[in-house]
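Shown next, in structure tokens, is the structure this report addresses.
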Amino acid sequence: MNSPKYLPRVLIAAASEHGSTTEIARLIGDALIVNHLAVDIVPPAAVDSIEDYDAVILGSAIYAGRWLASARDFAIRFRDPLAARSVWLFSSGPVGDPSSKLVRLMEKDPVDVTRIQQDIQVRGHRIFAGKLDSKALSVAQRVSLLVFRGLNGDFRDRAAIMQWADSIAADLAAQPQR
Numbered sequence: 001m002n003s004p005k006y007l008p009r010v011l012i013a014a015a016s017e018h019g020s021t022t023e024i025a026r027l028i029g030d031a032l033i034v035n036h037l038a039v040d041i042v043p044p045a046a047v048d049s050i051e052d053y054d055a056v057i058l059g060s061a062i063y064a065g066r067w068l069a070s071a072r073d074f075a076i077r078f079r080d081p082l083a084a085r086s087v088w089l090f091s092s093g094p095v096g097d098p099s100s101k102l103v104r105l106m107e108k109d110p111v112d113v114t115r116i117q118q119d120i121q122v123r124g125h126r127i128f129a130g131k132l133d134s135k136a137l138s139v140a141q142r143v144s145l146l147v148f149r150g151l152n153g154d155f156r157d158r159a160a161i162m163q164w165a166d167s168i169a170a171d172l173a174a175q176p177q178r
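Next up, the structure:
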């Protein structure tokens, strides 16, 4: 009798302010499922344990060069168990024309990612362009868009997100099972 093939379990914990980062997490999850991985997508604050997972993908929206507090707290709470797993990070946030000078300036690693990489062995970090829907913003935030034109819209590159997820799946397939 054949035993069932073990499916590596991946936790995707994504901190999202308006839902765009969660949508990126779902795209990553869909690609991993197609590649025969078991996936759970959970907000970082809702995670009690990572014991059942072989790998973790932690992501956050970027605001003012920082990750959201729930993603930062997750990395601190689970620092030791994360160090024993394969971990990838992603950031979502730069909005606007990817070739613009402003967007290129925003595509720097958030300070929080640098700190996390000092604490644990991260296998990779990607920054994905985000989505900005002015209808979801406060009046003050919408007024600021008058100064920074061209930032409203969906700038996510779904093909790049899926390609990154496929590379994670290939990396996990090449690793010995724990």
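Number 56 in full-length UniProt numbering belongs to position 56 of the sequence shown; there are no gaps in the numbering. The beta-carbon is built from N, C-alpha and C at its ideal position, and this holds for glycine as well.
task: Can you say whether L146 is buried or exposed, counting buried as having 16 or more other CB atoms within 10 angstroms of its CB?
output: Reliability of the predicted coordinates at L146 is poor, the pLDDT of 48 falling under 50, and the value obtained from them is presented with this limitation in mind. The residue is exposed, with fewer than 16 neighbouring Cβ atoms inside 10 Å.
- prompt: Since I120 sits in a beta bridge, which residues does DSSP pair it with?
  reply: DSSP output for I120 lists no bridge partner at all.
task: Return the residue from the list I116, R158, I24 that minimises the CA-CA distance to D80.
output: I116
- prompt: Short check: CB of I28 to CB of A169, under 7 Å?
  reply: no
query: If you scan the segment 22–101 from start to end, which runs of the beta strand (DSSP E) of 3 or more residues do you find wholly inside it?
result: 38–42, 55–63, 86–92
- prompt: By Cβ distance below 7 Å, which residues in the same chain neighbour F74 in space, the five residues on each side in sequence not counted?
  reply: A13, P44, V47, L58
Reduced DSSP category for A169 - H, G, I as helix; E, B as strand; rest coil: helix
Residues bridged to F155 [DSSP beta-bridge criterion]: Answer is none; F155 lacks a bridge partner.
message: Taking 7 Å as the limit between beta carbons, can you name the residues of its chain near R126, skipping five residues before and five after?
response: F90, W164
task: Starting from A15, trace the beta strand (DSSP E) both ways and give me its first and last residue.
output: 9–15
message: Can you find the residues in the same chain that come closer than 6 Å, C-beta to C-beta, to L32, ignoring five residues on each side of it along the sequence?
response: V10, V39, A165, A169
task: State the Cα-Cα distance for the pair R72 and A84, rounded to the nearest angstrom.
output: 18 Å
task: Kindly list the residues whose CB is nearer than 7 Å to the CB of N35, restricted to its own chain and excluding five residues on each side of it in sequence; keep chain order.
output: D166, A169
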